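Undergrad:
Number of protein chains: 4
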Amino acid sequence: MSSDKPPRGSIGAIRNPESDAAIMAAARDLLAEKGYGAFTMSEVARRAHASKPTLYRRWDNKAALIFDLCMSDRTDRLRIAEQGNVAADLSAQIAALWRFWREAPTGTALRAIIAEAQSDDVALQRVRDMIAPGMPEHARLLIEAGIARGDLPADFDTNTALRLIVAFNWLHLLTGQIGDETPIAPAVRMLLR
Amino acid sequence: MSSDKPPRGSIGAIRNPESDAAIMAAARDLLAEKGYGAFTMSEVARRAHASKPTLYRRWDNKAALIFDLCMSDRTDRLRIAEQGNVAADLSAQIAALWRFWREAPTGTALRAIIAEAQSDDVALQRVRDMIAPGMPEHARLLIEAGIARGDLPADFDTNTALRLIVAFNWLHLLTGQIGDETPIAPAVRMLLR
Amino acid sequence: MSSDKPPRGSIGAIRNPESDAAIMAAARDLLAEKGYGAFTMSEVARRAHASKPTLYRRWDNKAALIFDLCMSDRTDRLRIAEQGNVAADLSAQIAALWRFWREAPTGTALRAIIAEAQSDDVALQRVRDMIAPGMPEHARLLIEAGIARGDLPADFDTNTALRLIVAFNWLHLLTGQIGDETPIAPAVRMLLR
Amino acid sequence: MSSDKPPRGSIGAIRNPESDAAIMAAARDLLAEKGYGAFTMSEVARRAHASKPTLYRRWDNKAALIFDLCMSDRTDRLRIAEQGNVAADLSAQIAALWRFWREAPTGTALRAIIAEAQSDDVALQRVRDMIAPGMPEHARLLIEAGIARGDLPADFDTNTALRLIVAFNWLHLLTGQIGDETPIAPAVRMLLR
DNA sequence: ACATAACCGAGACGGTACGTCCGGTCTTGAA
DNA sequence: TTCAAGACCGGACGTACCGTCTCGGTTATGT
Numbered sequence: 010m011s012s013d014k015p016p017r018g019s020i021g022a023i024r025n026p027e028s029d030a031a032i033m034a035a036a037r038d039l040l041a042e043k044g045y046g047a048f049t050m051s052e053v054a055r056r057a058h059a060s061k062p063t064l065y066r067r068w069d070n071k072a073a074l075i076f077d078l079c080m081s082d083r084t085d086r087l088r089i090a091e092q093g094n095v096a097a098d099l100s101a102q103i104a105a106l107w108r109f110w111r112e113a114p115t116g117t118a119l120r121a122i123i124a125e126a127q128s129d130d131v132a133l134q135r136v137r138d139m140i141a142p143g144m145p146e147h148a149r150l151l152i153e154a155g156i157a158r159g160d161l162p163a164d165f166d167t168n169t170a171l172r173l174i175v176a177f178n179w180l181h182l183l184t185g186q187i188g189d190e191t192p193i194a195p196a197v198r199m200l201l202r
Numbered sequence: 010m011s012s013d014k015p016p017r018g019s020i021g022a023i024r025n026p027e028s029d030a031a032i033m034a035a036a037r038d039l040l041a042e043k044g045y046g047a048f049t050m051s052e053v054a055r056r057a058h059a060s061k062p063t064l065y066r067r068w069d070n071k072a073a074l075i076f077d078l079c080m081s082d083r084t085d086r087l088r089i090a091e092q093g094n095v096a097a098d099l100s101a102q103i104a105a106l107w108r109f110w111r112e113a114p115t116g117t118a119l120r121a122i123i124a125e126a127q128s129d130d131v132a133l134q135r136v137r138d139m140i141a142p143g144m145p146e147h148a149r150l151l152i153e154a155g156i157a158r159g160d161l162p163a164d165f166d167t168n169t170a171l172r173l174i175v176a177f178n179w180l181h182l183l184t185g186q187i188g189d190e191t192p193i194a195p196a197v198r199m200l201l202r
Numbered sequence: 010m011s012s013d014k015p016p017r018g019s020i021g022a023i024r025n026p027e028s029d030a031a032i033m034a035a036a037r038d039l040l041a042e043k044g045y046g047a048f049t050m051s052e053v054a055r056r057a058h059a060s061k062p063t064l065y066r067r068w069d070n071k072a073a074l075i076f077d078l079c080m081s082d083r084t085d086r087l088r089i090a091e092q093g094n095v096a097a098d099l100s101a102q103i104a105a106l107w108r109f110w111r112e113a114p115t116g117t118a119l120r121a122i123i124a125e126a127q128s129d130d131v132a133l134q135r136v137r138d139m140i141a142p143g144m145p146e147h148a149r150l151l152i153e154a155g156i157a158r159g160d161l162p163a164d165f166d167t168n169t170a171l172r173l174i175v176a177f178n179w180l181h182l183l184t185g186q187i188g189d190e191t192p193i194a195p196a197v198r199m200l201l202r
Numbered sequence: 010m011s012s013d014k015p016p017r018g019s020i021g022a023i024r025n026p027e028s029d030a031a032i033m034a035a036a037r038d039l040l041a042e043k044g045y046g047a048f049t050m051s052e053v054a055r056r057a058h059a060s061k062p063t064l065y066r067r068w069d070n071k072a073a074l075i076f077d078l079c080m081s082d083r084t085d086r087l088r089i090a091e092q093g094n095v096a097a098d099l100s101a102q103i104a105a106l107w108r109f110w111r112e113a114p115t116g117t118a119l120r121a122i123i124a125e126a127q128s129d130d131v132a133l134q135r136v137r138d139m140i141a142p143g144m145p146e147h148a149r150l151l152i153e154a155g156i157a158r159g160d161l162p163a164d165f166d167t168n169t170a171l172r173l174i175v176a177f178n179w180l181h182l183l184t185g186q187i188g189d190e191t192p193i194a195p196a197v198r199m200l201l202r
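Okay, here's the thing in structure tokens:
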């Protein structure tokens with residue numbers, strides 16, 4: 010899964026894009042297999058058949074790499090079959106996100122980057138940018154569709170709702186409680202009235 | 010602030026209770042002054058004029074100490090002058106909590122323990138216990154008073170609301186955004202209808 | 010050769026003298042087996058069942074360790090059976106030194122430390138101290154005995170002779186030519202008249 | 010001093026002879042300015058507006074470049090006004106050599122190549138060749154003139170004397186003590202009787 | 001009165017990750 | 001075919017922190 014035996018080597022004076030991919034893949038695998046506690050730059054380098062300087066040429070530090078890992082594979086499996094019911098759709102989407110976090114290592118990566126941000130100001134800023142107003146776009150689109158449809162009042166406070174949704178997701182992620190999806194529906198119901 | 014100059018020394022075959030306090034104080038100060046990134050067991054020991062074994066005799070590891078720090082000074086300044094308006098009271102209480110987190114190092118400690126919990130299962134369990142159903146008791150009392158008063162419907166989903174409040178607080182804490190209290194009121198309004 | 014399996018561990022708040030010995034032994038072995046090019050602090054640590062911080066607690070850097078290695082086992086096998094002939098005795102002594110340098114890793118260590126001194130001012134100063142006036146004491150004693158005996162004139166310039174002897178030894182050491190002892194006698198003859 | 014701003018670029022299928030000179034000049038300057046510790050192939054390339062492959066196309070490795078540096082500018086300023094007194098002439102010549110080593114970076118280069126030779130067999134062989142019998146030619150000529158003149162006995166052991174002179178020079182060079190010329194005269198006196 | 005036992009501060013220890021540095025090789029695209 | 005530029009691997013460097021361990025000493029308790 011993480012082995013193209015011969016090291017890639019340089020392809021000239023520009024960075025080898027293969028390396029980026031190999032490193033990211035190795036990092037993803039490592040995070041998935043061993044978790045954040047065993048996530049080591051040296052081990053990532055070893056698995057990617059890369060060298061530590063190559064890693065640090067591309068990412069300032071461990072936190073930056075994990076952040077990229079976080080960002081790299083979002084917005085994929087989060088497409089849901091919308092049914093025109095805001096509450097149901099939003100619940101389904103959150104459940105899909107939780108499922109995604111459980112299956113891909115993205116959930117673990119996000120936990121890691123949030124942890125890292127508690128002692129690294131640069132990482133903190135990046136995390137802040139992740140939750141800018143209107144930010145979980147998928148959710149915003151659902152809500153806006155609901156408003157357009159008239160299911161939600163025209164003056165619905167979308168940004169506040171979105172922020173509460175993010176907060177709700179993070180809380181469950183950070184406490185390792187994204188396995189049980191039953192809390193989702195009541196929360197969504199409360200937010201939408 | 011962290012100096013009772015003469016080292017305490019032993020008081021015999023039982024543990025010196027002064028040490029606990031001195032260590033906690035040193036830990037609190039260190040966290041307040043330098044933040045979680047510079048929070049080191051060795052430095053805590055040095056400041057407390059204690060030794061590392063003394064620390065580890067009382068706390069299993071760094072996470073346990075930080076957790077204790079978190080728990081030690083809660084539920085103090087969170088008394089607010091209730092006015093009988095659930096939304097206003099709840100907002101005031103959340104604002105008071107944020108203020109408390111800003112002023113005391115408790116906020117930093119909570120951030121630290123959440124970070125620690127991302128790679129330490131024992132810490133994770135402790136964090137989970139912190140947010141058990143009905144858990145921010147102060148808030149629960151306010152909501153229950155509102156239900157009793159009739160301001161909130163009898164079937165109001167208190168636990169879900171509480172969880173959303175916790176999530177909302179954590180999100181702002183973990184992203185270093187507890188300085189601006191304006192998001193509080195809209196969020197509370199959304200939760201209470 | 011370098012294995013007392015159980016790691017030594019700390020003996021309290023003072024440094025474990027066993028560690029010093031174990032590290033020095035490991036360093037000596039490594040230098041003898043693999044040479045200066047493969048002499049690595051990590052490898053020394055590994056062989057000594059010590060940790061890198063333990064090495065660096067005792068020696069500022071690689072150069073300091075090698076220097077100690079140099080100094081640790083001098084003036085041992087250099088006792089020769091004096092015959093009362095200054096030239097013969099001095100030649101024998103130099104030959105004994107070359108033999109010592111060949112057999113013990115001290116020769117390699119000295120080569121290493123001289124090399125290191127070319128890019129490390131602290132090491133340079135240490136090397137300078139090694140060759141302070143009157144410094145190869147064994148040789149000085151032989152010459153002084155010769156003066157006392159009347160074999161050498163009373164105004165014999167001992168320090169200059171000593172310095173030339175050191176220079177001669179170094180030249181052959183640094184060029185890997187301490188195996189052939191034939192150049193010794195003519196040189197000594199020239200120095201003593 | 011090390012800047013011909015426009016990079017030279019290729020002149021086609023043959024090697025650009027300008028590069029050799031530019032690289033040597035850059036290397037010389039770097040060695041003179043920052044010393045051996047900061048002497049880096051990358052830095053030489055940067056200063057010479059050359060690339061590392063260009064360096065390695067012409068020199069096998071760092072040691073080879075430094076060696077060339079050593080050899081490139083010898084036997085220039087070492088002409089002295091001979092006075093027909095072997096001791097005086099030899100002393101003057103050694104002093105001139107030391108001055109040369111101090112002023113040109115050749116002294117530093119020689120220190121560097123000797124250091125390099127301690128962990129590189131090829132460099133070691135080159136260094137050995139530098140001190141082949143009869144090798145510091147300037148000094149040999151002076152001594153041979155002295156013999157011819159009758160100042161030195163016909164059976165004077167020139168090679169041994171030369172070797173001791175080289176050794177003496179190296180010792181002072183390697184210990185950074187070529188600034189004080191007072192030790193020269195006594196040493197020469199001892200070697201010539 | 002004295003021995004015991006648990007405490008204490010100090011700090012060294014093994015282990016291991018971090019992020020940096022340099023030597024020598026490789027590839028591109030231009031000349 | 002050469003060139004400049006610069007990315008690449010490999011691996012050593014020296015630092016930091018965690019949690020453990022031992023020392024030498026102090027103090028309350030048990031005899």
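Protein chains in written order, with the numbering used here: chain G, 10 to 202; chain C, 10 to 202; chain B, 10 to 202; chain D, 10 to 202.
Glycine residues also receive a C-beta, built at the ideal position from the N, C-alpha and C atoms.
All values derive from a computational prediction rather than experimental measurement.
(1) Can you pull the chain C residues whose beta carbon is under 9 Å from the beta carbon of Leu200/G, in chain order?
(2) Restricting to runs no shorter than 4 residues, where is the alpha helix (DSSP H) found entirely within the stretch 154 to 187 of chain D?
(3) Going by DSSP in three states, Thr63/G sits in which element: helix, strand or coil?
(4) Helix, strand or coil, according to DSSP, for Glu52/B in the structure here?
(5) Taking buried to mean at least 16 other C-beta atoms within 10 Å of its own C-beta, is Ser28/C buried or exposed?
(6) DSSP three-state label for His58/C, please.
(7) Does the beta carbon of Phe76/D sit closer than 7 Å to a beta carbon anywhere in chain B?
(8) Quick check on DSSP: helix, strand or coil for Asp69/D?
(9) Under 8 Å Cβ-Cβ, which residues of chain B neighbour Gly44/D?
(10) What residue does the alpha helix (DSSP H) around Ser4/G start on, and which one ends it?
(11) How long is the line joining the alpha carbons of Pro162/D and Asp77/D, rounded to whole angstroms?
(12) Pair every Cβ in the stretch 163 to 182 of chain C with every Cβ in the stretch 102 to 112 of chain C, then say whether three or more of these pairs are closer than 8 Å.
(13) Give me the chain B residues within the contact set of Pro195/D, using Cβ-Cβ distance strictly less than 7 Å, ordered along the chain.
(14) Any contact of the stretch 90 to 102 of chain G with the stretch 44 to 59 of chain G, i.e. 3+ C-beta pairs under 8 Å?
(15) Is there at least one Cβ from chain C nearer than 7 Å to Ala105/G's Cβ?
(16) Between the stretch 90 to 114 of chain G and chain C, which residues of the former have CB atoms less than 8 Å from a CB of the latter, in chain order?
(17) Among the candidates Thr49/C, Ser81/C, Ala170/C, whose CA atom is the shortest distance from the CA of Arg202/G?
(18) Over what stretch of residues does the alpha helix (DSSP H) that includes Asp98/B continue unbroken?
(19) Take Ile32/G and list the residues in its own chain whose beta-carbon comes closer than 7 Å to its own, dropping the five residues that flank it on each side.
(20) With DSSP collapsed to three states, give me the class of Ala129/D.
(21) Step through the CB atoms of chain B and report whether any lies within less than 7 Å of the CB of Val136/D.
(22) Going by C-alpha to C-alpha distance, which of Ala196/D, Ile193/D, Pro192/D, Glu146/D sits closest to Arg88/D?
(23) Within a Cβ cutoff of 7 Å, which residues of the same chain sit near Gln102/B, ignoring the five residues on either side of it in sequence?
(24) From Gly155/D to Arg37/B, what does the alpha carbon distance come to, in whole angstroms?
(25) Run through chain G and tell me which residues come within less than 8 Å of Arg37/C, C-beta to C-beta.
(26) Could you tell me how far apart the beta carbons of Ala176/D and Ala176/B are, in whole angstroms, since I believe they sit closer than 8 Å?
(27) Might you give, ordered along the chain, the residues of its own chain that have their beta carbon closer than 7 Å to the beta carbon of Asn168/C, omitting 5 neighbours on each side?
(28) What is the DSSP secondary structure of Glu91/D, reduced to helix, strand or coil?
(29) Using beta-carbon positions only, say whether Ala196/B and Glu125/B come within less than 7 Å of one another.
(30) Where does the unbroken alpha helix (DSSP H) through Met4/D begin, and where does it stop?
(31) Output needed for Ala96/G: all residues of its chain with C-beta closer than 8 Å, excluding positions within five of it in sequence on either side, in chain order.
(32) List the residues of chain G that Arg120/C touches, going by C-beta distances under 8 Å, in chain order.
(33) Is the separation between the beta-carbon of Cys79/C and that of Leu39/C shorter than 7 Å?
(34) Anything in chain B within Cβ reach of Ile156/D, meaning under 7 Å, just list it in chain order.
(35) Mind listing the chain G neighbours of Thr184/C? Cutoff is C-beta to C-beta under 8 Å, in chain order.
(36) Ile187/G and Ala121/G - do their beta-carbons sit closer together than 7 Å?
TA: Well, looking at it:
(1) Taking the first sequence and counting its residues from 1, one reaches residue 200/G at position 191. Within 9 Å Cβ-Cβ: Leu173, Met199, Leu200.
(2) 167 to 183
(3) Along the first sequence, read from residue 1 onward, the residue named residue 63/G stands at position 54. In the structure shown, Thr63/G sits in a helix (DSSP, three-state: H, G or I).
(4) Along the third sequence, read from residue 1 onward, the residue named residue 52/B stands at position 43. In this structure, Glu52/B counts as helix in the three-state DSSP scheme.
(5) Residue mapping note: residue 28/C aligns to position 19 of the second sequence, counting from 1. Buried is the call here.
(6) Translated into positions along the second sequence, residue 58/C becomes position 49. His58/C falls in the coil class under three-state DSSP.
(7) Here residue 76/D refers to the residue found at position 67 of the fourth sequence. No, no contact with chain B.
(8) Here residue 69/D is taken as the residue at index 60 of the fourth sequence, counted from 1. Asp69/D: coil per DSSP, three-state reduction.
(9) Taking the first residue of the fourth sequence as position 1, residue 44/D is located at position 35. Residues of chain B passing the Cβ test: Ser128.
(10) There is no way to answer for residue 4/G, as the model of chain G reaches only from 10 to 202.
(11) Residue numbering aside, residue 162/D sits at position 153 when the fourth sequence is read from its first letter. Residue numbering aside, residue 77/D sits at position 68 when the fourth sequence is read from its first letter. Spanning the two alpha carbons is a distance of roughly 37 Å.
(12) yes
(13) For this step, residue 195/D is matched to residue 186 along the fourth sequence. Under the 7 Å cutoff, chain B gives Asp166, Thr169.
(14) no
(15) Along the first sequence, read from residue 1 onward, the residue named residue 105/G stands at position 96. Not closer than 7 Å to any Cβ of chain C, the Cβ of Ala105/G fails to qualify, so no.
(16) none
(17) For the purposes of this step, residue 202/G is taken as the residue at position 193 of the first sequence. Of Thr49/C, Ser81/C, Ala170/C, the residue nearest in Cα terms is Ala170/C.
(18) Mapped onto the third sequence, residue 98/B falls at position 89. Where Asp98/B is concerned, the enclosing alpha helix (DSSP H) stretches over 95 to 112.
(19) Counted from its first residue, the first sequence places residue 32/G at position 23. The answer, listed in chain order, is Val53, Ala57, Ala59, Leu64.
(20) Taking the fourth sequence and counting its residues from 1, the one referred to as residue 129/D is at position 120. Per the sequence presented here, residue 129/D reads as Asp, with Ala not at that position. The answer is coil: DSSP assigns Asp129/D none of H, G, I, E or B.
(21) By 1-based counting over the fourth sequence, the position of residue 136/D is 127. So, interface residue.
(22) The residue given as residue 88/D occupies position 79 in the fourth sequence. If we check each option's Cα against that of Arg88/D, Glu146/D comes out closest.
(23) The count along the third sequence starts at 1 and reaches residue 102/B at position 93. Around Gln102/B: Leu87, Ile89, His147, Ala148, Leu151.
(24) Reading the fourth sequence from its first residue, position 146 is the one you call residue 155/D. Reading the third sequence from its first residue, position 28 is the one you call residue 37/B. Computed Cα separation, rounded: 48 Å.
(25) If you number the second sequence from 1, residue 37/C lands on position 28. Ordered by position in chain G, no residue passes the 8 Å Cβ test against Arg37/C, which lies about 17 Å from the chain.
(26) Locating residue 176/D in the fourth sequence gives position 167, counting from the first residue. Locating residue 176/B in the third sequence gives position 167, counting from the first residue. Confirmed, about 4 Å.
(27) Within the second sequence, the letter at position 159 stands for residue 168/C. If we look at Asn168/C and ignore the five residues flanking it on each side, its Cβ neighbours are Pro142, Gly143.
(28) Position 82 of the fourth sequence holds residue 91/D. Three-state DSSP puts Glu91/D in coil, outside helix and strand.
(29) Sequence index remark: in the third sequence, residue 196/B carries index 187 (1-based). Sequence index remark: in the third sequence, residue 125/B carries index 116 (1-based). Not in contact: Ala196/B and Glu125/B (Cβ atoms no closer than 7 Å).
(30) No answer is possible for residue 4/D: it lies beyond the span of chain D, which begins at 10 and ends at 202.
(31) Here residue 96/G refers to the residue found at position 87 when the first sequence is read from its first residue. These residues qualify, in order along the chain: Ala194, Val197, Arg198, Leu201.
(32) For the purposes of this step, residue 120/C is taken as residue 111 along the second sequence, with counting starting at 1. Those are Gln127, listed as they occur along chain G.
(33) Taking the first residue of the second sequence as 1, we reach residue 79/C at position 70. Taking the first residue of the second sequence as 1, we reach residue 39/C at position 30. In this structure, Leu39/C does not lie closer than 7 Å to Cys79/C by Cβ.
(34) As a working note, residue 156/D is residue 147 in the fourth sequence. What Ile156/D touches in chain B: nothing, since even the nearest Cβ is about 15 Å away.
(35) Counted from its first residue, the second sequence places residue 184/C at position 175. Those within 8 Å of Thr184/C in chain G are Ala126, Leu133, Val136, Arg137, Ile140.
(36) In the first sequence, residue 121/G corresponds to position 112, counting from 1. In the first sequence, residue 187/G corresponds to position 178, counting from 1. Result no, Cβ atoms of Ala121/G and Ile187/G do not sit closer than 7 Å.
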